[in-house]
Amino acid sequence: MRKIIILLIAVTFVLGCKKSEETVDIPECIGEMVKRYEKELKCTKQGSMETNLYRGIYKNQQVYFANTMCINCNVMPPKYGYDCSGKKIDFSSFQDVRDIKQVYNSCTKKIIE
Numbered sequence: 040m041r042k043i044i045i046l047l048i049a050v051t052f053v054l055g056c057k058k059s060e061e062t063v064d065i066p067e068c069i070g071e072m073v074k075r076y077e078k079e080l081k082c083t084k085q086g087s088m089e090t091n092l093y094r095g096i097y098k099n100q101q102v103y104f105a106n107t108m109c110i111n112c113n114v115m116p117p118k119y120g121y122d123c124s125g126k127k128i129d130f131s132s133f134q135d136v137r138d139i140k141q142v143y144n145s146c147t148k149k150i151i152e
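Sequential numbering of the sequence shown, starting at 40, is according to the numbering used here.
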């Protein structure tokens, strides 16, 4: 009888430990931008050499662009980005892009929203 109770507890524990099938809502625009920049988004070493996806405001328009974060590199800032409609936006000066926020990390492969 004791063996049956232990077996029932074990079966209940195993069946109760299913992996969460929680779906994450990814904004459509960010998902499209991750696909658009797929070849550029890469991680060589987390925290010191990674190219991630960012969002910012340029001339009152929301734009997405890939930017390389590298502590020991002399990396040029992005020259362009895209809006959610897929229109390419050339930056006359990257210094005019404001409210910059990372939206996808290439090392963790996660959307940051």
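The beta-carbon is built from N, C-alpha and C at its ideal position, and this holds for glycine as well. Remember, predicted model here, so these are calculated numbers, not experimental data.
> CA-CA distance, ILE88 and ILE69?
Replying inline: The sequence shown places Met at residue 88, rather than the Ile named in the question. Computed Cα separation, rounded: 22 Å.
> Hey, quick one: how far does the alpha helix (DSSP H) through VAL73 stretch, first residue to last?
Replying inline: 67-75
> Which one of ARG75, GLU67, LEU92 has the shortest CA to CA distance from THR147?
Replying inline: Looking at the Cα atoms, LEU92 is the closest of the given residues.
>> Suppose contacts are defined by Cβ-Cβ distances below 8 Å. Is PRO117 in contact with ALA105 by that definition?
In response: yes
>> Nearest by alpha-carbon distance to GLN141: which of GLU71, ILE65, TYR97, TYR103 is it?
In response: TYR103
> Would you report the Cα separation of PRO66 and GLY125, rounded to the nearest angstrom?
Replying inline: 15 Å
>> If I follow the unbroken beta strand (DSSP E) through THR83, where does it start and stop?
In response: 81-84
>> So if DSSP puts VAL102 in a beta bridge, which residue, or which two residues, is it bridged to?
In response: For VAL102, DSSP records a beta bridge to GLY95.
>> So, at 8 Å on beta carbons, what are the nonlocal neighbours of TYR143 in its own chain, with the 5 sequence-adjacent residues on each side left out?
In response: Only ILE69, MET72, VAL73, LEU80, ASN91, LEU92, LYS149, ILE150, ILE151 meet the Cβ criterion.
> Going by Cα to Cα distance, which pick from GLN134, GLY120, VAL114 is closest to ILE128?
Replying inline: GLY120
>> Helix, strand or coil for ASP135? Go by DSSP, reduced to three states.
In response: helix
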